[in-house]
Each structure stands twice: as structure tokens, then as C-alpha cells.
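Down below is the structure, laid out as C-alpha cells.
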Amino acid sequence: AGVILPIVITLIVITLSAFSLVALYRMCQKKTPGIWFAFSVG
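In the UniProt record's numbering, the protein residues as written are 1 to 42.
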């Protein structure tokens with residue numbers, strides 16, 4: 001169990017990082033303020 005937890009945390013961090021990169025890429029492409037609203041809301 002001590003080995004699975006760090007792996008799960010790492011996968012979550014990688015997923016969040018990838019999602020953030022995609023969101024930033026779309027923001028640079030479209031320049032829409034709606035993405036800033038989505039980030040501020042959570």
C-alpha cells in the first residue's frame with residue numbers, strides 16, 4: 001500500500017499539469033476571458 005499511494009499522487013499531478021498546459025494553449029489560441037473565469041471559479 002505504501003508504494004501505490006505515491007504512484008497515484010504522481011499520476012494525479014501529471015494529469016493536472018497536462019490539463020493546465022492544454023488550457024493555457026487554448027487560452028493563447030482563442031484569447032477568451034471565459035477561461036480566466038473558469039480558473040478563478042476552480
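Backbone N, C-alpha and C fix where the C-beta goes; we use that ideal spot for every residue, glycine too. Nothing here was measured: the structure is a model prediction, and the numbers come from that model.
From residue i to residue j, what distance separates their C-alpha atoms?
i	j	result
Thr10	Ser20	15 Å
Met27	Ser17	15 Å
Val3	Thr15	19 Å
In chain order, what residues of the same chain lie with their CB nearer than 8 Å to the CB of residue i, ignoring the 5 residues before and after it?
i	result
Val8	none
Considering only heavy atoms of the ligand COA, does any lie closer than 8 Å to the CB of residue i?
i	result
Ile4	This structure does not include the ligand COA; it has no bound ligands of any sort.
Identify, in the order they occur along the chain, each residue of the same chain with its Cβ nearer than 7 Å to the Cβ of residue i, setting aside the five sequence neighbours on each side.
i	result
Leu5	none
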